[in-house]
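Just so we're aligned, residue 4 is where the sequence shown starts under our numbering, counting upward by one. Just so you know, even glycine gets a beta-carbon here, dropped at the ideal spot from N, CA and C.
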Amino acid sequence: MENLSSVSATPGPFWNDWRWQMKNRITDAAGLATYISLTSQQAEEIDQCLRQFRMAVTPYYASLMDPVNQSCPIRRQAVPATAETHLAPYELRDPLAEENSSPVPNLVHRYPDRVLLLATHMCSMYCRHCTRRRLVGQEDRAITLAELERVVAYIEANSQIRDVLISGGDPLCMGDAIVERIVARIRRIAHVQVIRIGTRVPVVMPMRITSNLLSMLKKYQPIWINTHFNHPRELTDKARAACAAIVDAGIPLGNQSVLLKGINDDAETMKQLLLSLVQARVRPYYLYQCDLSQGLSHFRTPVSKGVEIIQALTGNISGYAIPKFVIDAPGGGGKIPIGPEYVVAVEPDRLVLKNYAGDLFYYPNI
């Protein structure tokens, strides 16, 4: 079986320019062979998958891959696998029924007081476990001015909306001027109290977190950012520096991980990730059960695995370091917390409780 030559790419003079990273994203097997060892059969399998789902990987993130180990947690999140072409009968094109909760294009309104603004279909990297793969990566486009005004008109007409999450795709793949145009327009809505940005660039393209970007965002506080680290190896020095810059700018930074089979589905890996995040001043927020999007069966674990991990962490690391394990319910039911059961019994005069070590305690039910 022919082995395609693999030579580790050496960072060049433009490596730390995020626009260079975007322009030079890896989109095929030939590009991957610069960073990882591929057989001709593996390259063909990648090309086969790309007929259905697109690939893009920043050179920075590709440089973190183990060049030989196919089980590398970085590699598995970025490199297509033939398993993605196997669609389970329970998997759905739009598992969270976002399209049914979209009163106007580019907006999802599921919860009473907050909305999701899909500002772009583009990401710096198309994660293989993406829940929104029906849209993201299918076309590199951002919301137009006319589309933005339709979104704004809807929000302005619904005064109960106090929180707007700008996501996509990844909004920070767009230039500062476009990001500011969106953020500034949302900030002008009187009843919107908080603007949030969902982005994975601190993980896959940390050089995007520039002083100019942060200076611009600071003008529109309060702004919160949530990012998406899944494995401790992603917390490189560059990623930590990007996180530090965000926090130093006065922007709270949280993390949402996805539970992924063979990547982070054991308590020790998750413990290392969570403690590393806290050390980097990133608050663990959610641990998601992998959604029922098409082609993700090879990533999905039993729900009991997530409960087991949370139980193993509870009492053994600080409570603020433990994320909430949730299932985003199919059909648009929203996020449902799932966790270990610590109430053993509810009696007329007392509760029987079990602590993290398995010991029983009694509390008066007054």
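Asked, Found
"Looking at the structure shown, is residue 65 part of a helix, part of a strand, or coil, going by DSSP?", "helix"
"Report the rounded CA-to-CA distance for residue 59 versus residue 31, giving the unit in angstroms.", "8 Å"
"Using a 10 Å radius around the Cβ and a threshold of 16 neighbouring Cβ atoms, would you call residue 251 buried or exposed?", "exposed"
"If we count the other Cβ atoms within 10 Å of its Cβ and call it buried at 16 or more, is residue 306 buried or exposed?", "exposed"
"What is the C-beta distance between residue 223 and residue 186, in whole angstroms, given that I count them as a contact (C-beta under 8 Å)?", "5 Å"
"Does DSSP put residue 34 in a helix, in a strand, or in coil?", "helix"
"Our contact map puts residue 312 next to residue 273 with C-beta atoms below 8 Å; I'd like the distance itself, whole angstroms only.", "5 Å"
"Return the CA-CA distance between residue 204 and residue 162, expressed in angstroms with no decimal places.", "32 Å"
"I'd like to know whether the C-beta atoms of residue 232 and residue 263 end up nearer to each other than 7 Å.", "no"
"Within the 7 Å Cβ cut-off, does residue 188 reach chain D?", "Judged by its chain identifiers, the structure shown contains no chain D, having just a single protein chain."
"So if DSSP puts residue 342 in a beta bridge, which residue, or which two residues, is it bridged to?", "The partner list for residue 342 (beta bridge, DSSP) is empty, contrary to what the question assumes."
"Tell me whether residue 343 counts as near the ligand NAP, meaning its Cβ is closer than 6 Å to at least one heavy atom of that ligand.", "Among the components modelled here there is no ligand, and therefore nothing to report on the ligand NAP."
"Below 7 Å between beta carbons: does that hold for residue 228 and residue 200?", "yes"
"Can you tell me whether residue 6 is buried or exposed, with buried defined as 16 or more other CB within 10 angstroms of its CB?", "Because residue 6 sits at a pLDDT of 46, beneath the cut-off of 50, its placement in the model cannot be relied upon, and the point is left open."
"Residue 203 by DSSP, collapsed to three states: which one?", "coil"
"Near residue 361, what residues of its chain come up, given a Cβ to Cβ distance below 6 Å and the 5 sequence neighbours on each side ignored?", "none"
"Comparing alpha-carbon positions, which option in 352, 209 and 123 lies nearest residue 177?", "123"
"I'd like to confirm the pairing. Which residues does DSSP put opposite residue 287 in its beta bridges?", "258"
"So the candidates are 94, 38, 267 and 99; which of them puts its Cα closest to the Cα of residue 72?", "38"
"With a 10 Å radius around its C-beta and 16 neighbouring C-beta atoms as the bar for buried, classify residue 132 as buried or exposed.", "buried"
"Note the first and the last residue of the continuous alpha helix (DSSP H) segment covering residue 77.", "76 to 81"
"Do the CB positions of residue 289 and residue 326 come within less than 7 Å of each other?", "yes"
"Using a Cβ-Cβ cutoff of less than 8 Å, which residues in the same chain neighbour residue 321 once the five nearest sequence positions on both sides are dropped?", "281"
"For the segment 148 to 157 against the segment 97 to 113, are there 3 or more C-beta pairs whose distance is under 8 Å?", "yes"
"According to the neighbour-count rule (16 or more other Cβ atoms, all chains shown, within 10 Å of its Cβ), is residue 8 buried or exposed?", "Note on residue 8: pLDDT 41, under 50, position unreliable in the model; the coordinate value appears next. Classification for residue 8: exposed."
"My guess is that residue 62 and residue 27 are in contact by the Cβ rule of under 8 Å, so how many angstroms apart are they, rounded?", "6 Å"
"Comparing C-alpha positions only, which one of 167, 206 and 171 sits nearest to residue 190?", "167"
"Return the residue from the list 277, 265 and 245 that minimises the CA-CA distance to residue 258.", "277"
"According to the Cβ coordinates, are residue 242 and residue 287 closer than 7 Å?", "no"
"Could you check where the alpha helix (DSSP H) with residue 1 kicks off and where it finishes?", "Residue 1 falls outside the range modelled here, since the chain spans only 4 to 369, and no answer is possible."
"According to the Cβ coordinates, are residue 98 and residue 220 closer than 7 Å?", "no"
"May I have the straight-line CA-CA distance separating residue 239 from residue 230, to the nearest angstrom?", "15 Å"
"Going by DSSP in three states, residue 139 sits in which element: helix, strand or coil?", "coil"
"Could you tell me the alpha carbon to alpha carbon distance between residue 68 and residue 17, rounded to whole angstroms?", "20 Å"
"Express the C-alpha separation of residue 284 and residue 160 in angstroms, rounding to a whole number.", "37 Å"
"Would you kindly work out how many angstroms separate the C-alpha atoms of residue 324 and residue 300, rounded to a whole number?", "28 Å"
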